[in-house]
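When we follow our numbering, the leftmost residue of the sequence shown carries the number 53, and every step to the right adds one.
Glycine included, every Cβ here is placed at the ideal spot set by N, Cα and C.
Quick notes on the structure that follows.
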Amino acid sequence: MEVIKVNGIRYAVESFRTELMGFAIILIMLFHLGILPFGECGVDIFLFLSGFSMYHSLKKNPSINHFYNRRLIRILPTYLLIAIPFFAFQVDSVEDFLWKITNLDIVIHGAMDGWWFITMILLCYLLAPLMYRGLRKMTMGGQIFMFCLLLLVCIVAGENLENIRIFMVRIPAFFLGMCLGFDRFTTQKRFVSFEIIAAVTLTICFGFLLFKNHDFWIYRKSYYTIIVYPLVLSVIQMIKFLPVVGKRLLAYLGCITLELYMIHESLMVPLAKYLCEFWGESWLFACSYRCLSIVLSIPAALILHQVSNKIISFISVR
């Protein structure tokens with residue numbers, strides 16, 4: 053069995069980043085369809101990869117204004133293209149529209165009827181420069197300690213602030229991705245097979261204890277954060293054995309992850325259910341609408357991606 057060296061992990065994540073994002077969005081779509089209960093761990097994979105990318109972005113240009121402008125330009129056009137008409141047809145007043153479009157309805161009232169991930173990733177981007185500057189001053193041991201401390205703080209905060217629990221427990225995955233970007237975290241002259249085995253063993257034991265104490269469903273999102281590192285390495289090994297067509301499909305989906313997230317659950321799943329309702333309440337209906345929602349989402353996401361890119365190019369030129 054091939055063993056990944058620490059000094060090769062960063063290269064592996066860089067090489068397969070787009071494919072990993074494609075794998076993550078597949079997990080998320082299957083979760084939204086009720087096919088894969090633990091598919092929400094795709095969010096943690098995506099945040100881990102985003103943290104890794106944000107490290108490189110800040111290393112290349114540490115200007116905070118430049119960083120924030122780039123991030124907002126990348127996300128807001130796509131989000132607003134879908135969110136404005138979507139919420140405009142749902143609400144009866146300007147006040148309600150503003151609550152929805154800003155996602156404050158999720159944060160303040162806990163109404164999970166919007167795109168909560170947009171708020172999540174913008175929060176991570178807001179914290180990224182602070183994380184970057186702090187990590188530069190830490191040793192590898194300090195980074196690991198800070199990750200554990202951040203995980204504990206976010207779990208406790210999430211338990212006491214129920215409306216933002218879904219945000220808080222995901223922040224450590226983003227932080228861990230930034231840690232991986234640092235040279236000191238990836239240039240050790242030894243193997244990590246023991247650490248991976250130990251991490252998997254500990255997380256299995258942790259999961260068993262949570263199941264036994266009936267607390268697993270409360271803490272499961274924290275569990276995803278703990279296993280995201282060995283999970284990403286495992287997925288990389290799986291991708292290496294895929295045929296070229298499989299790798300290209302994952303890479304293709306990885307380029308339109310934001311668009312797929314925006315379109316699939318909120319638009320294409322209801323549309324697919326409407327188009328397939330003639331099957332009635334049967335297994336044919338369940339199978340057909342799930343397949344159709346994915347088939348419709350991919351070309352729609354591609355169109356949204358192209359339109360967003362034109363808007364982004366126009367804004368960037370100005």
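At a Cβ-Cβ threshold of 9 Å, Phe226 and Leu99 count as neighbours. Residue range 69–84 is occupied by the alpha helix (DSSP H) that includes His84. When the alpha-carbon of Gly103 is set against those of Pro89, Thr277, Gly91, the nearest one is in Thr277. Collapsing the DSSP output to three states places Glu317 in a helix.
About 13 Å separates the Cβ atoms of Arg342 and Ile78, ruling out a contact at the 8 Å cut-off. With a cutoff of 9 Å on beta-carbon distance, Ala324 and Ser334 are scored as not near each other. Going by DSSP, Phe234 is part of no alpha helix (DSSP H) at all; its letter is neither H nor E.
Residue environment analysis places Pro114 among the exposed positions, since fewer than 16 neighbouring C-beta atoms fall within 10 angstroms of its C-beta. Pairing Met172 with Tyr184, the inter-Cα distance amounts to about 18 Å. Nearest to Tyr313 by C-alpha distance, out of Arg222, Leu202, Ile350, Thr191, is Ile350. Between the alpha carbons of Lys292 and Lys299 lies a distance of about 8 Å.
Burial of Lys273 is indicated by the presence of at least 16 other C-beta atoms within 10 angstroms of its C-beta. A straight line joining the alpha-carbon of Gly306 with that of Ile346 spans about 15 Å. Within the segment 97–152, the runs of alpha helix (DSSP H) at least 4 residues long that lie entirely inside it are, in chain order, 116–140.
Classified as buried, Met320 has 16 or more neighbouring CB atoms from the shown chains inside 10 Å of its CB. With a cutoff of 9 Å on beta-carbon distance, Ile125 and Ile308 are scored as not near each other. Rounded to whole angstroms, the separation of the alpha carbons of Cys200 and Phe366 is 42 Å. Around the beta carbon of Asn155, 16 or more other beta carbons lie within 10 angstroms, which makes this residue buried. The continuous alpha helix (DSSP H) containing Val297 extends over residues 296–306. If you look at Gly186, you'll find it in the alpha helix (DSSP H) that goes 168–188. With contacts defined as CB atoms closer than 9 Å, Val65 and Leu232 qualify as a contacting pair.
Annotation: the continuous alpha helix (DSSP H) that includes Arg217 extends over 217–220. The way I'd put it, the segment 82–96 does touch the segment 277–287; three or more beta-carbon pairs between them come closer than 8 Å. Counting other Cβ atoms within 10 Å of its Cβ, Pro224 reaches 16 or more and is therefore classed as buried. Taken through DSSP and simplified to helix, strand or coil, Cys339 comes out as helix. Spanning the alpha carbons of Ile216 and Gly162 requires a straight line of approximately 7 Å.
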